[in-house]
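Numbering (this note's numbering), first residue to last: 129 to 794.
A short write-up of the structure that comes next.
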């Protein structure tokens with residue numbers, strides 16, 4: 129999440145009165161009962177519907193029944209009865225399918241206001257009321273036969289981050305359901321020039337995982353006004369366990385968004401692509417008046433020393449993952465998406481706000497479902513969380529978080545320049561002093577015997593226990609895209625120079641031993657007109673212009689070639705720290721702003737022997753000494769062919785052209 133966005137959202141939170149906690153009971157939160165039974169707030173059968181709500185500080189709880197998802201008054205109010213461990217329950221003995229409901233909780237003689245509950249899984253338009261539905265009616269044809277595409281190891285992943293609207297809203301995409309979940313179900317879509325778009329584009333590119341920007345029900349888009357252009361990234365959670373209605377063809381019908389989300393997942397699976405959800409459990413869109421606060425005031429959030437809402441998210445609040453029922457909420461929510469929607473992975477926004485124990489508990493729970501479901505996130509926070517530093521799921525504690533990945537901002541900043549200073553470039557544009565950070569990323573963030581982490585060497589502090597914990601990237605949604613960053617750091621950059629520098633950055637990302645991550649549209653050098661914090665910018669800024677696939681076909685083919693090479697040759701994804709330390713050797717270089725490494729032998733059963741990669745960010749050629757032998761050329765002068773190759777050379781010298789990468793092997 130972008131810090132500028134966080135500041136704006138925090139200001140909104142303050143303006144709406146979300147700045148102080150009000151604990152409505154004298155009982156300390158750590159003495160609240162922990163409910164350990166099945167946590168289902170609505171269980172439907174044609175004969176009856178059972179409603180449940182965990183509200184341990186409540187005096188009374190009511191269920192209000194409605195005919196519609198919006199507007200009108202409740203036609204019936206049902207009193208709930210206390211059960212065990214803070215749970216309230218009631219059963220309504222009639223067929224309620226198609227009705228809507230809310231809960232209202234009374235605390236200290238004050239009714240807190242309507243809420244769809246904590247665990248709502250179906251809602252009406254704008255998510256203000258939960259819905260009673262028959263879940264069997266939400267499964268598309270063939271859903272029970274849906275299978276996750278095979279994945280042997282996390283190191284085999286190639287992640288592609290996309291926003292639903294960005295990816296399909298362009299009118300020349302040939303996609304009918306533009307900006308919808310269903311856009312990712314349409315096959316055979318293409319531009320008027322015949323370039324593949326949509327899901328066919330993803331298959332052509334060769335990625336293994338699509339990471340969807342927030343796709344749960346969020347607050348910032350009015351689902352009753354979808355005829356008006358509206359845009360948001362979606363980092364403002366409202367109902368965590370329901371798909372976002374603005375991406376559905378009919379947000380008024382609760383079953384539609386659920387069914388269409390499942391259709392999207394099934395289509396991607398059939399295309400051989402796994403689905404990762406971007407989840408935002410670290411904060412909510414609002415505090416006072418939100419679902420958590422209207423149900424169990426104060427419990428789900430942290431407060432500071434003055435009793436005000438803590439704000440490590442920068443959005444006006446931070447959730448308390450260390451409290452048993454918030455921890456359980458996160459575990460239940462993630463597992464629900466994995467089971468009900470067949471989601472294959474989760475990217476955690478501002479993961480450093482959460483505690484280590486909770487993240488490991490989620491990992492353990494997912495392992496029971498399928499250990500190939502991936503977990504990774506941002507190993508930092510926007511401010512100082514209200515927990516001891518030693519307990520937080522920060523990047524520096526990665527060794528305590530096995531099989532959970534984290535974004536490598538060290539490699540990102542070493543390639544393109546530091547976050548927060550758009551005008552300052554780094555290795556890719558030829559600035560000195562960044563090669564050490566690039567090497568750090570190429571080795572997968574692990575402790576490599578040739579890299580010494582100290583101030584003199586400029587090598588970042590090692591944090592990854594295994595390379596699968598390091599996400600290698602050069603850009604993502606919440607900053608300048610790759611093309612805009614290059615234009616900003618090198619004003620007057622020509623199209624040819626842009627192409628060359630972007631290829632250099634892409635080569636580093638896809639030859640890294642970490643897990644490569646790519647921002648949607650960067651493969652055709654998308655342009656956001658210099659807007660970094662585009663979280664609510666219009667389509668003119670955010671939409672991927674599919675016409676660029678023709679004008680930037682050379683760069684697209686290069687990125688596609690890198691992905692194909694990585695997938696074909698396991699020496700680029702060894703997946704084991706000991707193997708990397710043994711086989712990855714950094715070679716001496718004659719000048720700064722050049723990085724060269726050799727993968728000795730043929731680790732992981734690779735068909736290539738003694739692969740050498742050279743990244744030359746200088747404006748003149750460089751000559752690299754290599755072991756004597758005959759080499760096949762896979763990449764040179766901005767071209768790549770890992771199947772037929774680009775020729776051979778014999779000897780102990782490699783001459784690498786300016787601002788290019790060279791990859792050879794024996």
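Built from N, CA and C at the ideal position, the CB exists for glycine as well.
Computed from a predicted structure; not experimentally measured.
Check, Outcome
"For residue 637, the first and last residue of its enclosing alpha helix (DSSP H)", "623–638"
"Option in 456, 457, 427, 286 with minimal Cα separation from residue 445", "427"
"DSSP-derived helix/strand/coil call for residue 297", "coil"
"Exposure of residue 584, with buried meaning 16 or more beta-carbon neighbours within 10 Å", "exposed"
"Other residues of its chain near residue 297: CB distance less than 7 Å, five sequence neighbours each side excluded", "306, 307, 667, 671"
"Reduced DSSP secondary structure (H/G/I, E/B, other) of residue 149", "Below a pLDDT of 50, predicted positions are generally treated as unreliable, and residue 149, at 39, falls in that range; the measurement from the model is reported next regardless. DSSP places residue 149 in coil when its eight states are reduced to three."
"Straight-line Cα distance separating residue 301 from residue 318", "6 Å"
"Span of the alpha helix (DSSP H) around residue 493", "484–497"
"8 Å contact criterion, which residue 410 and residue 352 should meet: CB distance rounded", "Rounded, the Cβ-Cβ distance is 28 Å, inconsistent with contact."
"Residue 379 versus 197, 316, 472, residue with shortest Cα-Cα distance", "197"
"Paired residues, beta bridge with residue 604 - DSSP", "In DSSP, residue 604 forms no bridge with anything."
"Interface flag, residue 392 vs chain D, CB-CB below 8 Å", "No chain D is present in this structure, which holds just one protein chain."
"For residue 635 and residue 745, believed in contact at Cβ under 8 Å, the rounded distance", "The Cβ separation is near 11 Å, so there is no contact."
"Residues near residue 603 in its chain [Cβ-Cβ closer than 8 Å; skip 5 each side]", "540, 544, 609, 610, 613, 647, 650"
"Chain-order list of residues whose beta-carbon lies under 7 Å from that of residue 455 (same chain, five-residue window excluded)", "449, 486, 489"
"Among 229, 719, 336, the one whose alpha carbon lies nearest that of residue 502", "336"
"Minimum C-alpha distance to residue 164 - residue among 457, 322, 601", "457"
"Backbone CA spacing between residue 599 and residue 701 [nearest angstrom]", "12 Å"
"Check whether residue 616 and residue 565 have beta carbons under 8 Å apart", "no"
"Residue 206, DSSP secondary structure in three states", "strand"
"Alpha-carbon spacing of residue 660 relative to residue 418, whole angstroms", "29 Å"
"Residue 789, DSSP secondary structure in three states", "strand"
"Identity of the residues DSSP links to residue 750 by a beta bridge", "784"
"Three CB pairs or more closer than 8 Å across the segment 502–520 and the segment 466–478", "yes"
"For residue 678, the three-state DSSP class (helix, strand or coil)", "helix"
"Residue 145 versus residue 416 - alpha carbon distance", "A caution first: residue 145 carries a pLDDT of 35, below 50, which makes its placement in the model too unreliable to give a value."
"Proximity below 8 Å, CB of residue 194 to CB of residue 229", "yes"
"Beta-carbon spacing of residue 705, residue 593 below 8 Å", "yes"
"C-alpha distance - residue 236 paired with residue 250, whole-angstrom precision", "30 Å"
"Sufficient close CB pairs (3 or more, under 8 Å) joining the segment 268–288 to the segment 397–406", "yes"
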